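Residue numbers (the numbering used here): 104 to 276.
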């Protein structure tokens with residue numbers, strides 16, 4: 104996978120008729136915040152979508168608005184695009200059966216971990232970001248998307264969690 108530009112990513116998302124967005128099992132606030140924020144974005148741009156976290160959302164993360172929209176049951180239908188958020192390898196998504204059933208579906212990834220599996224077709228993997236939520240913030244701003252209160256709250260939760268409330272200094276930004 105080569106890193107794509109924000110504009111290239113936007114075109115891929117706009118072209119898709121239906122989108123499956125997924126994050127890793129046993130998620131942290133960055134995983135859930137980015138998944139929920141992406142879900143609100145997809146809703147605003149009128150893209151049919153399904154939000155998935157195979158292990159479900161822990162009670163400690165249900166303070167993030169929109170977590171009720173996240174499903175733990177795998178979808179039965181086929182999508183035009185799969186967007187993976189904040190994961191190292193596909194096995195962490197808990198979707199092996201789905202990937203085997205639909206290997207031809209294009210995959211896009213947003214992540215800040217260098218260890219992210221490079222088998223997606225498109226995406227942005229950049230360790231200069233503190234979190235996937237920070238990366239999504241820049242994506243939204245770059246494509247001219249107006250971030251509302253719910254999206255800002257979800258993104259902030261993920262950024263705060265992955266930076267230890269701005270205590271961690273391992274990130275150059």
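The C-beta atom is built at its ideal place from N, Cα and C for all residues, glycine as well.
Keep in mind the model is a prediction, meaning the values are calculated, not measured.
Asked, Found
"Under three-state DSSP, which class holds residue 212?", "strand"
"Which value, in whole angstroms, describes the spacing of the CA atoms of residue 152 and residue 210?", "14 Å"
"Kindly indicate which three-state DSSP category residue 191 falls into: helix, strand or coil?", "coil"
"In the DSSP assignment, find the alpha helix (DSSP H) that holds residue 139 and state where it starts and stops.", "132-147"
"When burial is assigned at 16 or more other CB atoms within 10 Å of the CB, is residue 194 buried or exposed?", "exposed"
"Let's test the definition: count the other Cβ atoms within 10 Å of the Cβ of residue 115 and tell me whether it reaches 16, buried, or not, exposed.", "buried"
"What residues are listed by DSSP as bridge partners for residue 153?", "123"
"Note down, in chain order, each residue of its chain lying with its Cβ closer than 6 Å to the Cβ of residue 245, except the 5 sequence neighbours on either side.", "109"
"Name the DSSP bridge partner or partners of residue 225?", "211"
"Under the three-state reduction of DSSP, which class applies to residue 174: helix, strand or coil?", "strand"
"Is the CB-CB distance between residue 136 and residue 167 below 8 Å?", "yes"
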